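Inspection log for the structure reproduced underneath, given as structure tokens.
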Amino acid sequence: MKIKLVISFIIFLFIFATPVSAAPPHCSCGEDRWLKLQNPLMFGQDVHEIQSQLKNMGYYQGAINGLYDKNTVQAVKEFQQKEGLQADGIFGPKTFNKLAELFEKPVSNLDTEKPQGEVSIVIYTLEREMVVMDDGKPFKRFPVAVGKFKTPTPIGLFTITQKDAWGEGFGSRWMRLSVPWGIYGIHGTNKPWSIGAFESGGCIRMHNTHVEQVYEWVQVGTKVFLIGGVDGPFTFGLNPLTQGSKGSDVMEVQKRLAGYGFYDGAYDGNYGQQTQQAVKAFQKAKGLNVTGNVDEATYEALGIQLFE
Numbered sequence: 003m004k005i006k007l008v009i010s011f012i013i014f015l016f017i018f019a020t021p022v023s024a025a026p027p028h029c030s031c032g033e034d035r036w037l038k039l040q041n042p043l044m045f046g047q048d049v050h051e052i053q054s055q056l057k058n059m060g061y062y063q064g065a066i067n068g069l070y071d072k073n074t075v076q077a078v079k080e081f082q083q084k085e086g087l088q089a090d091g092i093f094g095p096k097t098f099n100k101l102a103e104l105f106e107k108p109v110s111n112l113d114t115e116k117p118q119g120e121v122s123i124v125i126y127t128l129e130r131e132m133v134v135m136d137d138g139k140p141f142k143r144f145p146v147a148v149g150k151f152k153t154p155t156p157i158g159l160f161t162i163t164q165k166d167a168w169g170e171g172f173g174s175r176w177m178r179l180s181v182p183w184g185i186y187g188i189h190g191t192n193k194p195w196s197i198g199a200f201e202s203g204g205c206i207r208m209h210n211t212h213v214e215q216v217y218e219w220v221q222v223g224t225k226v227f228l229i230g231g232v233d234g235p236f237t238f239g240l241n242p243l244t245q246g247s248k249g250s251d252v253m254e255v256q257k258r259l260a261g262y263g264f265y266d267g268a269y270d271g272n273y274g275q276q277t278q279q280a281v282k283a284f285q286k287a288k289g290l291n292v293t294g295n296v297d298e299a300t301y302e303a304l305g306i307q308l309f310e
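Positions 3 to 310 (this note's numbering) are the ones given, in order, by the sequence shown.
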């Protein structure tokens, strides 16, 4: 009886103590969804993109309106049938991946050289280009997609904090960045036609074949330099900042406040109560309207101005 109890306890420990690979976190780009005909009709930018691609390929003849309607379903069915998929009109992972294959950039079989020194990554967001560095020298360049105007890619120096191979699904590799105010990373995509554009929710998208190559070259701790224009974190303008704001612009304001002696908190890009109180103290000291919000006058007093 005692032996059975001991064996049962060991099995229990094995089952519950064995580490389970955690699912990768959801990045700021949001989740992909399965598209199907329903009432009310599904609507969104994802549908708009699919309609555009199917129209370019000759499957879709209707209006590009972002509505997953009967015309769109029929086009999806025709595409699925042509590609040997179940023609059910549902745009799920298999259909996404099949469409993506047609736009994916292959890696040359001769392209087997690897960086020999310390690897770092530089991403020029305005040019939508990644440069893999080998001991500080450019090694290889890749096209990327970056954040939209309303969801910009963070600007600054970060490191890779996590690597995951997602396998089948929406993008095959994930490299999380040490951005303190959200979940951002470098990853593959099921929308390779978006590469080279300002299309993401802030992450850096790559062709799956490209991201799989870079994934093998980097480690946790690899430095990633995200570079904007001459205005750095304010490439897209001086946005008003209030409590709850997040981003590279908030982080830069925190650094400026610290430089003036008004802030001693973390440079985390989160406009919380401590940042707000620091802004109020700064505004009062500079004879500005004390609101706790960063407006044009506060930016100017902080020495933050855009290049003409």
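For each residue, glycine too, the CB sits at the ideal point set by N, CA and C.
Note that the structure is predicted; figures quoted are calculated from it, not measured.
Apply the 10 Å Cβ neighbour rule to residue i and answer buried if 16 or more other Cβ atoms are within range, or exposed otherwise.
i, result
"Thr-300", "buried"
"Phe-160", "buried"
"Gly-187", "buried"
"Ile-306", "buried"
"Glu-218", "exposed"
"Ala-167", "exposed"
"Gln-55", "buried"
"Glu-254", "buried"
"Phe-93", "buried"
"Ala-287", "exposed"
"Gly-86", "exposed"
"Leu-304", "buried"
"Arg-143", "exposed"
"Leu-104", "exposed"
"Asn-210", "buried"
Excluding the 5 residues flanking residue i on each side, which residues of the same chain have their C-beta closer than 6 Å to its C-beta?
i, result
"Glu-302", "none"
"Thr-153", "Gly-203 and Gly-204"
"Val-78", "Gly-91 and Phe-93"
"Val-75", "Leu-39 and Gly-91"
"Asn-291", "none"
"Ala-89", "Lys-79, Gln-82 and Gln-83"
"Thr-293", "none"
"Lys-150", "Phe-200"
"Lys-225", "Ser-122 and Thr-161"
In chain order, what residues of the same chain lie with their CB nearer than 7 Å to the CB of residue i, ignoring the 5 residues before and after it?
i, result
"Val-148", "Thr-127, Arg-130, Thr-155, Phe-200, Ser-202 and Ile-206"
"Leu-243", "Asp-251, Val-252, Val-255, Tyr-273, Asn-295 and Val-296"
"Lys-96", "Leu-87"
"Gly-119", "Asp-136 and Asp-137"
"Lys-257", "Tyr-269"
"Asp-266", "Ala-260"
With a CB to CB cut of under 8 Å and the five nearest residues on each side skipped, what residues in its chain are close to residue i?
i, result
"Gly-68", "Phe-45, Gly-46, Gln-47, Val-49, His-50 and Gln-53"
"Leu-308", "Asp-233, Phe-236, Gly-239 and Leu-240"
"Gln-63", "Lys-57, Asn-73 and Ala-77"
"Leu-43", "Leu-69, Tyr-70 and Asp-71"
Compare the beta carbon distance of residue i and residue j with 8 Å and say whether it is the shorter of the two.
i, j, result
"Phe-229", "Ile-123", "Here the sequence assigns Ile to residue 229, which means Phe is not the residue at that position. Cβ distance not < 8 Å, so Ile-229 and Ile-123 don't count as in contact."
"Ile-66", "Lys-72", "no"
"Gly-190", "Arg-175", "yes"
"Gln-275", "Gln-245", "yes"
"Pro-194", "Glu-298", "no"
"Pro-117", "Val-134", "yes"
"Ile-162", "Val-220", "yes"
"Gln-279", "Val-222", "no"
"Gly-271", "Trp-183", "yes"
Sorry if obvious, but does the Cβ on residue i come closer than 7 Å to a heavy atom of the ligand MN?
i, result
"Leu-240", "For the ligand MN, the structure offers nothing, since it holds no ligand at all."
Can you tell me where the beta strand (DSSP E) holding residue i begins and where it ends?
i, result
"Lys-288", "Here Lys-288 belongs to no beta strand (DSSP E), and DSSP marks it neither H nor E."
"Gln-164", "158 to 167"
"Pro-140", "139 to 145"
"Glu-201", "200 to 202"
"Lys-225", "225 to 229"
What residue range is occupied by the uninterrupted alpha helix (DSSP H) comprising residue i?
i, result
"Val-255", "250 to 261"
"Glu-106", "Unbroken run through Glu-106: none, as it is neither H nor E."
"Lys-72", "72 to 84"
"Ser-54", "47 to 58"
"Trp-219", "210 to 219"
"Tyr-301", "298 to 303"
Using 8 Å as the limit for Cβ to Cβ distance, is residue i near chain C?
i, result
"Gln-285", "No chain C is part of this structure, which consists of one protein chain only."
Contact the stretch 249 to 261 vs the stretch 223 to 240: 3+ CB pairs below 8 Å
yes
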